[in-house]
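Below you'll find the structure, written out as structure tokens, and then a few comments.
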Amino acid sequence: MSPLLLPLLVPFIAALCCTLFSKSLKVQRSISLIAAVFHLAASFNLLQNVRSEGIQVYLNGGWAANIGIALVADLFSSIMLVITGLISLVVLIYSLKEMSDKLQSRAYFPLFNFLMMGVNGSFVTGDIFNLYVWFEVMLLSSFILLAMGKKPDQLEGAIKYVTINLFSSILFLSGAAIIYAKTGSLNMADIAMRIAESSDEKLLNSTAILFLSSFGIKSALFPMFLWLPASYHTPPVSISSLFAGLLTKVGIYAMIRTFTLIFPLNNGLLQEFFYVIAILTMVVGVLCAASQFEIRKILSVHIVSQIGYMILGLALFTPLGIAGAIFYLLHNIIVKTNLFLFSGVILRKKGSCDLKKIGGLYKVNPGFATLFALSAFALAGVPPLSGFWAKFVVLKAAADAHEYLLLGSGLAVGVVTLFSMTKIWAEAFWKKQPEEYPGVGEDTGNQPWQIMLPIVFLTICTFALGIWGELIFNICVEAAEQLLNPTEYINAVMGEAK
Amino acid sequence: MFLLLSVALIFMAAFATPAIARFIPHKQRFLFALVPATSFALICSKASDIAQGLAISEDYTWIPAFDINLNFRLDGLSFLMALLITGIGALILTYASGYLKGYEANTRFYTIIQIFMAAMLGLVLSDNLIAMFIFWELTTVSSFLLVGFNHENPDARKKALQALIVTAGGGLAMFAGILLLGNVAGTYQVSELITHAEMIKNHKLYEAIVILICLGAFTKSAQFPFHFWLPNAMAAPTPVSAYLHSATMVKAGVFLLARLTPVLGGTSFWLHLLVYVGGFTMILAASLGLIYRDLKKILAYSTLSVLGIITLLIGMGTEFSFKAAIMMLFAHALYKATLFMVAGSIDHETGTRDITRLRGLRKVMPWTFAAAGLAALSQAGFPPFTGFLAKEYFYGSALDHNMKILLISSAFISSMFLFVLAFKIGFHPFLGRENKKIHAHEAPPTMLIGPVTLGLLSLLFGLFPGPIAKYILSPALASFNTTFHPVKLKLWHGVNTALILSLITLTCGFGLYKLRKKIRQNATGVDDKLNIQFDQSFANGLESFIKFAKWSTKLIQSGSLRSYMIITISAFAGLLLYILLYVGGMPEFYKFSHVKPITLAFLVALAIVTIVACTTLSRMTALLSLGVIGFGITLIYMMYGAPDLAFTQILVETLTVVMFMVVIHKLPRFKDFSTRRKKAFDAIFASIVGMTVTFLVIKAQNLSSKNPVSQIYAETSYLEAHGRNVVNVILVDFRAFDTFGEIVVLSIAGLGVSLLMRNNKKEDTE
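Protein sequence lines correspond, in order, to chains A and B. Residues in the first sequence are numbered from 0 upward in steps of one, following numbering that gives the first Met the number 0. Residues in the second sequence are numbered from 0 upward in steps of one, following numbering that gives the first Met the number 0.
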């Protein structure tokens with residue numbers, strides 16, 4: 000079997016098995032854990048293959064790429080698969096203790112695996128309509144995961160989430176339809192080839208807008224990010240962490256894929272749109288975060304502002320910029336997931352994530368506080384942690400491109416991010432527990448290993464990515480070069496068709 | 000290896016501290032001082048090379064892709080700084096072991112301050128600007144943690160945050176400057192940048208680079224108008240104030256200016272920027288210091304003033320002024336660390352830092368007094384102390400400069416004020432009658448070693464300036480000039496203008512000191528006003544920023560789904576319209592004149608039904624209208640020759656309508672909550688968006704692709720896939736993956752529905 004199928008089939012089979020054994024949580028847990036480990040291993044294997052043998056293609060049913068559906072893994076996809084595998088495993092372990100048995104029994108494990116299937120599918124598909132299908136898989140499973148607690152705020156958040164995201168689906172579908180009408184193909188490599196042959200810029204621009212808007216909603220760009228702060232803080236923390244780590248990033252993935260392969264950004268107007276959107280996303284996101292006082296809300300809105308940096312990297316459309324965007328993506332997935340995991344511990348300890356109602360975490364638990372500080376400072380881009388390098392690369396790319404406005408806004412947003420993170424630090428960790436709100440958490444003692452292991456592991460990743468980031472960064476550069484020279488991709492996919 | 004070692008040693012010690020500390024009782028924690036002392040010794044071992052004007056380099060590749068490497072470089076300037084960091088560091092750690100004895104968070108203190116120490120050492124040794132910036136940020140963060148050391152005190156938290164925001168903000172500006180500099184010159188290595196100095200100075204970005212880098216230096220070294228954070232940082236425990244906020248960290252800013260002088264200096268832009276900012280800071284801070292009663296506040300302001308002097312001297316840009324800057328930096332580190340430790344001891348042993356309550360301590364604290372006296376005489380500029388030498392050079396270089404009058408007068412004023420500040424700390428608390436209300440005793444030996452040693456050094460190096468000239472001044476001067484030549488340092492230059500000025504300063508200073516009480520009394524209120532004003536404006540700035548953030552958040556994040564949809568949709572439609580209107584590509588309508596009348600009638604009918612569906616208050620009517628629209632679409636499929644699609648559509652529509660019917664027939668009618676205005680808005684909004692999309696669709700209509708896949712499907716479906724029905728073949732063979740995905744979607748939906756039903760029943764029975 001092609002290694003490309005594993006990222007799809009492993010979670011699919013796991014989801015089916017979990018549905019079959021819906022009576023036994025124990026079985027479901029083991030199945031999901033095994034699947035997650037296998038998923039990670041398969042992704043690593045695929046990455047190795049791609050690095051040694053070049054882009055991997057699997058043609059479904061043996062049909063030529065433009066007739067059937069091709070699964071494609073280039074460096075960028077396989078990097079994303081690996082990080083997804085990592086995060087899914089880590090969050091899964093965390094959720095075993097963080098989520099109550101009652102919640103877990105509400106089809107959590109099947110949905111979790113279906114979600115992973117959708118995410119992976121989006122990364123490996125080489126077909127634009129097939130991408131839409133995986134987006135639907137993701138949307139529906141994430142919608143149910145959001146709503147499954149059935150608390151009023153969760154339902155409200157889920158409704159906003161699904162409504163706005165359905166609009167995104169409509170746009171995506173229309174875009175795919177118009178592209179098909181224009182090129183007569185749905186395979187992305189084929190489309191790219193056909194568009195390159197006959198470039199009708201006017202049409203391209205307006206079609207590109209459909210994709211930009213659709214993926215813009217998915218990846219929470221300004222001003223289409225509003226579903227995110229409305230929903231991300233409501234579900235159980237494990238689910239928030241998973242979403243925060245992965246979902247918007249799939250949007251970014253699709254964005255980078257589309258705007259390097261199909262609509263390369265070396266076209267003046269679109270690039271300017273991206274510049275403006277990048278700046279506004281960074282600035283507005285960080286402003287919205289500065290005004291929040293609930294840890295999970297602060298973290299949610301910060302996702303938006305950091306997405307801005309990734310779009311900035313893409314918008315620059317230089318190898319360094321795109322490599323920076325990918326590196327930023329990796330860093331952000333790790334750190335953001337971890338910060339959400341922290342918020343779960345705080346919630347367990349204090350019964351609240353409202354900064355006005357909690358405090359004193361540093362004194363009681365300095366080790367935990369230090370871990371948090373590392374991740375928070377990493378998010379704020381303090382050297383030598385991962386966030387600094389991510390920001391450095393993107394901003395250096397901006398400076399190299401002489402885009403000083405982008406450089407300046409990126410830096411200014413950094414200061415505000417630092418402010419937000421120190422706000423959490425000062426209020427939740429340094430401040431004494433306010434007397435009018437005695438902590439109401441159930442357990443103040445040591446956390447079980449299922450909770451702490453993921454946190455410690457991800458913190459080590461952050462630190463390692465900072466100090467020995469070069470290895471990862473070099474892969475990002477290779478991936479970026481691959482993205483910017485789509486011929487390699489097109490040849491790999493279409494080669495057999497010719 | 001030894002430069003890396005001297006930095007890494009301290010880092011490792013810092014990380015090991017939490018583990019080791021539990022085995023070291025509080026009394027013996029002065030042992031931590033061994034770590035910086037070792038680094039000190041390591042660095043001292045290179046003194047003879049340094050004295051010959053050599054620089055020692057060690058390169059370790061880190062991220063060569065970006066030209067970011069650990070290039071440690073020990074030259075005269077970094078040698079001086081490294082000695083101060085490790086030497087004073089060792090003394091401070093010894094001192095802290097006495098000062099913090101019994102503090103519960105003692106271990107944390109040692110960890111953080113050692114991280115700071117290592118970072119600071121890395122900062123001064125880095126030749127690579129990016130690596131330097133990394134260490135720079137580390138010092139900022141560790142300073143934040145140390146200022147907020149008493150973190151349960153809201154005031155300490157506030158001030159820590161203030162220091163962090165100001166210095167980190169400046170740091171990021173500096174980072175931008177470094178990036179630009181790197182772009183212009185193609186390297187981040189200072190030693191290579193120097194060779195491109197002319198090109199950089201003529202580049203159109205030169206001014207921007209200078210301003211950005213100076214923002215970093217000025218915030219770190221607390222130059223006006225960023226000076227306010229430093230006095231506030233005195234919320235830190237005194238050993239921290241002595242070490243970070245006088246002897247080392249705040250010098251990072253002036254160090255950077257000195258470091259980059261050969262690269263950026265020598266232009267009139269540089270000269271004026273540094274001279275005016277530094278000069279203004281030095282006078283403002285020295286005069287503000289006069290009105291305070293808190294020992295640490297007075298010290299903080301005099302530190303500010305000296306930092307201003309050093310900035311000014313670097314800006315002046317003559318060899319004379321560079322010498323003065325080096326001497327000033329050196330002398331200040333010695334006496335200011337001493338005075339801070341003295342202030343800490345007084346606070347520790349008497350419980351107050353208020354100079355109106357402190358007097359006559361000389362009998363109970365003789366050793367502390369001795370150290371204080373020596374340091375104060377040095378700050379005041381009495382011969383033969385090092386402070387005197389520094390001041391002589393200060394006057395000398397001012398006399399030498401073409402901005403003579405301005406420089407001399409401001410030098411005179413600030414020196415005189417510094418004299419008063421020195422005496423207020425060094426003599427006032429010890430002389431006079433004893434205050435019976437205060438029960439003091441001498442500080443423990445650990446808290447005496449530091450101040451007494453440094454106080455004596457202030458005197459010794461003044462008396463015997465030879466080694467200073469050889470090991471410190473000449474090599475450090477080479478860092479400014481890029482060429483090395485030995486210089487001499489003498490205590491006695493004969494009677495010259497500088498000496499006369501010095502004597503006048505001392506006399507006037509003494510006179511002013513006698514009036515200190517009056518000044519303070521007359522100025523009470525001024526201090527609060529001034530200090531509070533800056534504090535307040537920072538706080539106001541922060542507050543209005545948050546207000547603005549809240550306002551803008553409210554503006555877009557109203558919480559209502561309707562407005563979210565409006566924003567999202569208008570973003571999309573706006574972009575699309577912009578493209579259509581400004582870039583062109585509006586479809587040409589004349590081609591549609593051949594639309595059949597029946598189609599047209601049909602469309603009108605559909606439109607009417609759509610309007611009914613939107614406006615009716617009955618759910619049933621709305622549902623039926625939707626059904627009609629669905630069947631209408633079916634007819635369109637029929638008309639354009641897609642009967643299979645039409646059949647599917649009919650089935651789907653019928654099922655949907657029937658199923659919906661079952662669900663909603665019991666629900667009440669819609670309530671009409673919307674105002675007329677809202678409705679009108681929605682109608683117009685929807686029409687615009689609808690029209691925009693229609694344009695796009697019409698445009699796409701004009702397209703015909705050359706050989707679409709559908710053609711291939713038709714050709715291959717029977718021959719290769721052995722299926723007569725193309726649609727079926729597409730669904731189960733060509734594009735089976737899509738079908739697979741859609742089945743998954745349906746299963747998830749089924750799962751969701753069953754979840755909803757099952758739990759509802761359960762929860763009802765529970």
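Don't be surprised by glycine CBs; every beta carbon is placed ideally from N, CA and C. Fair warning: this is a prediction, and the values are worked out from it, not measured in the lab.
Beta bridge counterpart(s) of residue i as assigned by DSSP
{"i": "A:VAL71", "result": "A:VAL56"}
{"i": "A:TYR160", "result": "DSSP output for A:TYR160 lists no bridge partner at all."}
{"i": "B:LEU69", "result": "B:TYR59"}
{"i": "B:GLN776", "result": "Outside the displayed range of chain B (0 to 765) lies residue 776 of chain B, so it cannot be described from this structure."}
Best match in the options for proximity to residue i [C-alpha to C-alpha]
{"i": "B:TYR581", "options": "A:ILE489, A:PHE224 and A:LEU268", "result": "A:LEU268"}
{"i": "A:LEU102", "options": "A:GLU196, A:LEU144, A:PHE171 and A:VAL334", "result": "A:LEU144"}
{"i": "B:ARG206", "options": "B:VAL239, B:GLY147, B:LEU272 and B:ALA235", "result": "At residue 206 of chain B the sequence reads Glu, which differs from the Arg that was named. When only C-alpha atoms are compared, the closest one is B:LEU272."}
{"i": "A:LEU467", "options": "B:TRP61, B:VAL140 and B:PHE14", "result": "Note that residue 467 of chain A is Trp in the sequence shown, not Leu. It is B:TRP61 whose Cα lies nearest to the Cα of A:TRP467."}
{"i": "B:ASP643", "options": "B:ASN727, B:MET619 and B:ILE711", "result": "B:ASN727"}
{"i": "B:MET658", "options": "B:PRO382, B:LEU459 and B:LEU623", "result": "B:LEU623"}
{"i": "B:LYS546", "options": "A:LEU286, A:GLY174, A:LEU88 and A:ILE238", "result": "A:LEU286"}
{"i": "B:LEU654", "options": "B:TYR98, B:PHE134, B:GLY264 and B:PHE630", "result": "B:PHE630"}
{"i": "A:PHE258", "options": "A:LEU370, A:LEU311, A:LEU114 and A:ALA106", "result": "A:LEU311"}
Within chain A, the residues that residue i reaches when beta carbons sit closer than 7 Å
{"i": "B:ILE578", "result": "ASN204, SER205 and ILE208"}
{"i": "B:VAL744", "result": "GLU135, VAL136 and LEU139"}
Chain-ordered chain D contacts of residue i [CB-CB under 9 Å]
{"i": "B:ASN68", "result": "No chain D is part of this structure, whose protein chains are labelled A and B."}
Cross-chain neighbours of residue i in chain B, by beta carbon under 8 Å
{"i": "A:ASP399", "result": "ASN182"}
{"i": "A:PRO228", "result": "GLN556"}
{"i": "A:VAL414", "result": "ILE164, ALA167, GLY168 and LEU171"}
{"i": "A:GLY407", "result": "ALA175"}
Straight-line Cα distance separating residue j from residue i
{"i": "B:GLY215", "j": "B:LEU255", "result": "9 Å"}
{"i": "A:ILE12", "j": "A:GLY183", "result": "34 Å"}
{"i": "B:MET11", "j": "B:MET131", "result": "19 Å"}
{"i": "B:MET233", "j": "A:LEU354", "result": "27 Å"}
{"i": "B:ALA570", "j": "B:GLY558", "result": "18 Å"}
{"i": "B:LYS553", "j": "A:LEU298", "result": "18 Å"}
{"i": "A:PHE272", "j": "B:GLU652", "result": "40 Å"}
{"i": "B:LEU500", "j": "B:LEU398", "result": "10 Å"}
{"i": "B:SER414", "j": "B:PHE393", "result": "10 Å"}
{"i": "A:PRO235", "j": "A:ILE190", "result": "41 Å"}
{"i": "A:GLU293", "j": "A:SER168", "result": "31 Å"}
{"i": "A:LYS497", "j": "A:PHE75", "result": "Bear in mind that a pLDDT of 42 at A:LYS497, under 50, signals an unreliable position, so the number given afterwards is only what the model happens to contain. Roughly 25 Å between the two C-alpha positions."}
{"i": "B:LEU270", "j": "B:ALA162", "result": "27 Å"}
Span of the alpha helix (DSSP H), counted from its first residue to its last, around residue i
{"i": "B:VAL494", "result": "Counting along the chain, B:VAL494 falls outside any alpha helix (DSSP H), and DSSP gives it neither H nor E."}
{"i": "A:ILE325", "result": "318–349"}
{"i": "A:GLU570", "result": "With chain A represented from 0 up to 497, any question about residue 570 of chain A goes unanswered, as that position is not in the structure."}
{"i": "B:PHE10", "result": "1–19"}
{"i": "B:ARG244", "result": "Residue identity differs from the one stated: residue 244 of chain B is His in this sequence, not Arg. No alpha helix (DSSP H) holds B:HIS244; DSSP gives it neither H nor E."}
{"i": "A:ILE99", "result": "According to the sequence shown, residue 99 of chain A is Ser rather than Ile. Where A:SER99 is concerned, there is no enclosing alpha helix (DSSP H), given that its DSSP letter is neither H nor E."}
{"i": "B:ILE23", "result": "Note, B:ILE23: premise wrong, no alpha helix (DSSP H); not H, not E."}
Chain-ordered neighbours of residue i on chain B, where CB pairs are closer than 9 Å
{"i": "A:THR162", "result": "LEU560, TYR563 and MET564"}
{"i": "A:MET0", "result": "Under the 9 Å cutoff, chain B gives no residues; its nearest Cβ is about 15 Å from A:MET0."}
Within chain A, the residues that residue i reaches when beta carbons sit closer than 8 Å
{"i": "B:ILE635", "result": "Those within 8 Å of B:ILE635 in chain A number zero; the least Cβ separation is about 15 Å."}
Neighbouring residues, chain B, relative to residue i (Cβ below 7 Å)
{"i": "A:SER290", "result": "ILE545, ALA548, LYS549 and THR552"}
{"i": "A:LEU170", "result": "PHE571"}
Partners in chain A for residue i, counting only beta-carbon separations shorter than 9 Å
{"i": "B:ASP737", "result": "ILE68, ASP126, PHE128, ASN129, TYR131 and VAL132"}
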